[in-house]
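*Asks:* The numbering used here numbers the first residue of the sequence shown as 7 and each following residue consecutively.
Built from N, CA and C at the ideal position, the CB exists for glycine as well.
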Amino acid sequence: MADRVRRDLGHARAVARLPPPAPVRGARGLRASRATLRRRRVGVRRRESRDQHAAGGGAVTRIATGLALALLVLATVRWAPLWVFWTGLGLVTLLAAHELRELLERLERPSWPWLTYAGSLALTLSFLAPEQAPLPVLTALVILAFLRALVSRAEPQRGADRIVGTMLPVLYVGLLAGHVGGLLAIEPPRVRETGEDLLILALVIVYVGDTTAYYGGRLFGRHPLAPRISPAKTWEGALANLAGSVGGALLGPFWFFQALSWQHAVALGLLVGTAGILGDLSESLLKRAAAVKDSGGLLPGHGGVLDRIDSLLLAGPVLFWYHRWVLGG
Numbered sequence: 007m008a009d010r011v012r013r014d015l016g017h018a019r020a021v022a023r024l025p026p027p028a029p030v031r032g033a034r035g036l037r038a039s040r041a042t043l044r045r046r047r048v049g050v051r052r053r054e055s056r057d058q059h060a061a062g063g064g065a066v067t068r069i070a071t072g073l074a075l076a077l078l079v080l081a082t083v084r085w086a087p088l089w090v091f092w093t094g095l096g097l098v099t100l101l102a103a104h105e106l107r108e109l110l111e112r113l114e115r116p117s118w119p120w121l122t123y124a125g126s127l128a129l130t131l132s133f134l135a136p137e138q139a140p141l142p143v144l145t146a147l148v149i150l151a152f153l154r155a156l157v158s159r160a161e162p163q164r165g166a167d168r169i170v171g172t173m174l175p176v177l178y179v180g181l182l183a184g185h186v187g188g189l190l191a192i193e194p195p196r197v198r199e200t201g202e203d204l205l206i207l208a209l210v211i212v213y214v215g216d217t218t219a220y221y222g223g224r225l226f227g228r229h230p231l232a233p234r235i236s237p238a239k240t241w242e243g244a245l246a247n248l249a250g251s252v253g254g255a256l257l258g259p260f261w262f263f264q265a266l267s268w269q270h271a272v273a274l275g276l277l278v279g280t281a282g283i284l285g286d287l288s289e290s291l292l293k294r295a296a297a298v299k300d301s302g303g304l305l306p307g308h309g310g311v312l313d314r315i316d317s318l319l320l321a322g323p324v325l326f327w328y329h330r331w332v333l334g335g
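Printed below as a string of structure tokens:
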């Protein structure tokens with residue numbers, strides 16, 4: 007018996023044929039376990055506290071980065087020479103096209119890098135003359151993409167994949183970003199100030215809408231908006247986005263854009279806000295397909311350049327064409 011239990015110290019008295027010790031009055035079992043449970047609860051609370059602190063820190067970083075970028079763009083639009091604005095827009099276009107090209111590489115849609123970058127930049131800058139240049143430039147780029155595939159020795163499937171991988175950044179980034187810049191390319195008798203006001207209005211609508219969507223979704227979000235594409239986005243956040251977009255648009259006629267009526271401001275808030283939501287979901291679709299969280303890591307709290315401008319890429323064209331078709335620009 008001693009051989010069988012010699013390693014079990016709990017049977018030491020049994021081996022010596024001694025009676026078991028009498029229980030101590032008031033003693034209760036499992037006290038050590040309770041202490042362990044308390045320690046675990048404390049650990050959970052500490053982890054939750056750290057997570058909340060990290061989330062709060064991430065929100066602060068997001069707001070600070072967004073505000074700094076907004077002020078930089080505002081100063082560039084309002085006071086810098088036009089060539090500074092277009093240089094900055096060209097740089098943003100190249101960075102966003104690069105991020106999208108890398109996403110497509112993960113989806114096995116390679117590209118011809120030189121044609122992707124040159125085409126995106128050329129199409130954006132073509133909006134320096136929005137009435138004449140964009141369509142011929144786009145036509146030439148489509149022809150070049152197919153010509154490059156035809157002279158390639160790769161299999162036809164690879165050539166078709168490269169056409170898609172090349173032209174999607176050109177269209178999604180180059181064409182849409184060009185509409186944003188086109189707001190400043192206003193010819194006489196229209197004045198530059200109108201274009202500046204429109205572009206600042208677009209930035210205000212998108213920034214306020216994104217901010218209210220972020221906090222509205224965190225506080226009240228219950229019903230998923232597009233769970234297969236972006237599980238964190240909710241209908242409550244989308245409604246908060248639209249409310250914030252309308253509020254941001256109303257700042258125009260009552261602050262810096264007195265020529266805009268409040269009726270047009272409300273309409274633009276709803277249209278631009280909806281376009282911003284679709285722009286956000288469009289990029290989320292690409293990131294979900296590529297199994298990545300962010301398009302890049304250049305901007306603290308925001309991810310990549312494409313993450314920051316995804317809403318503006320669809321909002322800009324809405325404002326551009328609203329200006330021409332409705333406002334009579």
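Count the C-beta pairs between the region 232-240 and the region 250-267 that are closer than 8 Å, then say yes if the count reaches three, no if not.
*Replies:* Verdict: no, contact absent.
*Asks:* For the alpha helix (DSSP H) containing S290, name the first residue and the last one.
*Replies:* That run of the alpha helix (DSSP H) goes 268-296.
*Asks:* Would you call L181 buried or exposed, if buried means 16 or more other Cβ atoms sit within 10 Å of its Cβ?
*Replies:* Under this definition L181 is a buried residue.
*Asks:* So if DSSP puts A232 in a beta bridge, which residue, or which two residues, is it bridged to?
*Replies:* Note: A232 sits in a beta bridge opposite S236.
*Asks:* Let me make sure I understand the geometry here. Which of L205, G171, P175 has the alpha-carbon closest to that of V186?
*Replies:* Closest option to V186, Cα to Cα, is L205.
*Asks:* Whose C-beta lies closer than 8 Å to the C-beta of G96 among residues of the same chain, with five residues either side of it excluded?
*Replies:* For G96, where only same-chain residues beyond five positions count, the Cβ hits under 8 Å are L127, T130, L131.
*Asks:* Where does W118 land, buried or exposed, given buried means 16+ other C-beta within 10 angstroms?
*Replies:* Label assigned to W118: buried.
*Asks:* Sorry if obvious, but does the Cβ on Q264 come closer than 7 Å to a heavy atom of the ligand FMN?
*Replies:* Judged by which ligands are present, the structure shown has none, so any question about the ligand FMN falls away.
*Asks:* Which residues does DSSP list as the beta-bridge partners of L305?
*Replies:* According to DSSP, L305 bridges with G309.
*Asks:* My output table needs one value for S117: the three-state DSSP class, helix, strand or coil.
*Replies:* In the structure shown, S117 sits in coil (DSSP, three-state: anything other than H, G, I, E or B).
*Asks:* Between S301 and G309, is the Cβ-Cβ spacing less than 8 Å?
*Replies:* Against a cut-off of 8 Å, the Cβ pair of G309 and S301 comes out as a contact.
*Asks:* Tell me whether the beta-carbon of V252 lies closer than 8 Å to the beta-carbon of A321.
*Replies:* No, Cβ-Cβ distance for V252 and A321 is not below 8 Å.
*Asks:* Give me the Cα-Cα distance between A249 and R164, rounded to the nearest whole angstrom.
*Replies:* Going from the Cα of A249 to the Cα of R164 covers about 46 Å.
*Asks:* Nearest by alpha-carbon distance to S167: which of V179, R154, W331 is it?
*Replies:* Checking the displayed sequence, the identity of residue 167 turns out to be Asp instead of Ser. Taking only the C-alpha atoms, the option nearest D167 is R154.
*Asks:* Contact defined as beta carbons within less than 8 Å: I believe L287 pairs with L106. What is the distance between those atoms, to the nearest angstrom?
*Replies:* That belief does not hold up - the Cβ atoms of L287 and L106 are roughly 15 Å apart, past 8 Å.
*Asks:* May I have a chain-ordered list of the alpha helix (DSSP H) segments no shorter than 4 residues that lie completely inside the region 96-183?
*Replies:* With a minimum length of 4 residues, the continuous alpha helix (DSSP H) runs that stay inside the region 96-183 are 119-131, 140-157, 162-175.
*Asks:* Check each candidate in L256, I315, E242, L292 and name the one with the smallest Cα separation from A281.
*Replies:* Ranking the options by Cα distance to A281, first place goes to I315.
*Asks:* I'd like the list of long-range same chain contacts for T82, defined as Cβ closer than 7 Å, with 5 residues on each side in sequence excluded.
*Replies:* Only V90, F91, G94 meet the Cβ criterion.
*Asks:* Could you tell me the alpha carbon to alpha carbon distance between R303 and T145, rounded to whole angstroms?
*Replies:* Correcting the residue type first, residue 303 is Gly in the shown sequence and not Arg. Computed Cα separation, rounded: 33 Å.
*Asks:* Closer than 7 Å by C-beta to L110: which residues in its own chain qualify, once you throw out the five before and the five after it? Chain order, please.
*Replies:* Correct list, in chain order: S117, G171, L174.
*Asks:* Near V332, what residues of its chain come up, given a Cβ to Cβ distance below 7 Å and the 5 sequence neighbours on each side ignored?
*Replies:* For V332, where only same-chain residues beyond five positions count, there are no Cβ hits under 7 Å.
*Asks:* In whole angstroms, give me the CA-to-CA distance for K293 and H270.
*Replies:* For K293 and H270, the distance between alpha carbons rounds to 34 Å.
*Asks:* Please return the same chain residues whose Cβ sits closer than 6 Å to the Cβ of E108, not counting the five positions on each side in sequence.
*Replies:* Cβ within range, chain order: n/a, list empty.
*Asks:* Which same chain residues end up closer than 7 Å to V48 when comparing Cβ atoms and leaving out the 5 residues on each side of it in sequence?
*Replies:* A caution first: V48 carries a pLDDT of 45, below 50, which makes its placement in the model unreliable, though a value can still be read off. None.
*Asks:* Run the CB neighbour count on I149, radius 10 Å, all protein chains shown included, and call it buried at 16 or more, exposed below.
*Replies:* Exposed.
*Asks:* Suppose contacts are defined by Cβ-Cβ distances below 8 Å. Is G222 in contact with A246 by that definition?
*Replies:* Contact flag set, yes.
*Asks:* Which residues in the same chain as V210 place their Cβ atom closer than 8 Å to its Cβ, once the five residues preceding and following it in sequence are excluded?
*Replies:* G254, A255, L257, G258, listed in sequence order.
*Asks:* Rounded to a whole number of angstroms, what is the C-alpha to C-alpha distance between L291 and D216?
*Replies:* When rounded, the distance between both Cα atoms is 18 Å.
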